[in-house]
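In our numbering, the protein residues as written are -14 to 264.
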């Protein structure tokens, strides 16, 4: 059994649920429960309670990368769940900025916790510098290699490294969550800053020969050229991705194009929806 609830997303159409710019997904498997990201506030916990999801029963928290809209809810989560390990790449803690001109720090977009909170949580953080098995069906893997020519790094994301130098953010910390089911593999992505097709390629290398049964999450194509959307959709067809569920930062134009070309393969969901991938 593999199913998930959307606890945080940019959109909501159900009464009693809240939306915000962010992502959080509760995933149930036969070998435990996983929370994938936490949004930017405690909205995910409100929606969890509304959905009847008990966050104290999460067995592992996976953080896709170190941006505020995926990590902001972590302190709230830790008040509700005092045991689950937190899988993060160590570079997720580096200070991050949005800089539209490459010079001016328009705003901070990194992990919003204070240093005191970080110290309190450090004993629960499981650093993912390489692929790690979370349970019998799930792995988390960082260091996603690039190689797809049309997936360039956004020019406006910057990071401060350990030497106090600011440079373009290459998202070394970004990681994917992959679940192995009876129908194939299911790939959960936070924002796909490294490129969603690069994420697909990497997951296929981790599980050679396995069918890609599902791709779920943010794909960061809100402001990309039309040609990139077209090439991405063609790649989904080439990889024979069976189910695509675009969320969060994918962008409305990209979502509409996916639905237009992929038809029944593309499913549009939002906060409060429960999706059963395998029974």
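C-beta: ideal position from N, C-alpha, C; glycine also.
- Residue 18: member of the beta strand (DSSP E) spanning 17 to 21, first to last residue.
- In the three-state DSSP reduction, residue 35 falls in the helix class (H, G or I).
- Using a Cβ distance threshold of 8 Å, residue 108 and residue 58 do not count as a contacting pair.
- In this structure, the straight-line span from the alpha carbon of residue 244 to that of residue 259 is close to 19 Å.
- In this structure, residue 30 lies away from residue 20, with their beta-carbon atoms at least 8 Å apart.
- Annotation for residue 220: the continuous alpha helix (DSSP H) segment containing it runs 211 to 223.
- Using a Cβ-Cβ distance cut-off of 8 Å, the segment 88 to 106 and the segment 117 to 137 are not in contact, since fewer than three pairs of beta carbons, one from each stretch, lie closer than that value.
- Contact check for residue 18 against residue 47 fails: the beta carbons are separated by 8 Å or more.
- Annotated three-state conformation of residue 11 is strand, per DSSP.
- For residue 249, there is no enclosing beta strand (DSSP E), since its DSSP letter is neither H nor E.
- For residue 185, the number of other beta carbons within 10 angstroms of its own is at least 16, and it is reported as buried.
- Comparing C-alpha distances from residue 210 to each of 139, 261, 151 shows the shortest one belongs to 139.
- Taking 8 Å as the cut-off, the Cβ atoms of residue 240 and residue 230 do not count as close.
- Going by C-alpha positions, residue 220 is about 43 Å away from residue 105.
- The beta carbons of residue 181 and residue 228 sit about 14 Å from each other, so the pair does not count as a contact at 8 Å.
- In the DSSP assignment, residue 111 falls within the unbroken beta strand (DSSP E) covering 110 to 112.
- Between residue 257 and residue 2 a beta carbon distance of about 4 Å is seen, short of the 8 Å cut, so the two are scored as contacting.
- Around residue -3, the same chain offers 3, 4, 255, 256, 257 as residues with beta carbons nearer than 7 Å, after the five sequence neighbours per side are excluded.
- Counting along the chain, the unbroken beta strand (DSSP E) around residue -8 starts and ends at -13 to -7.
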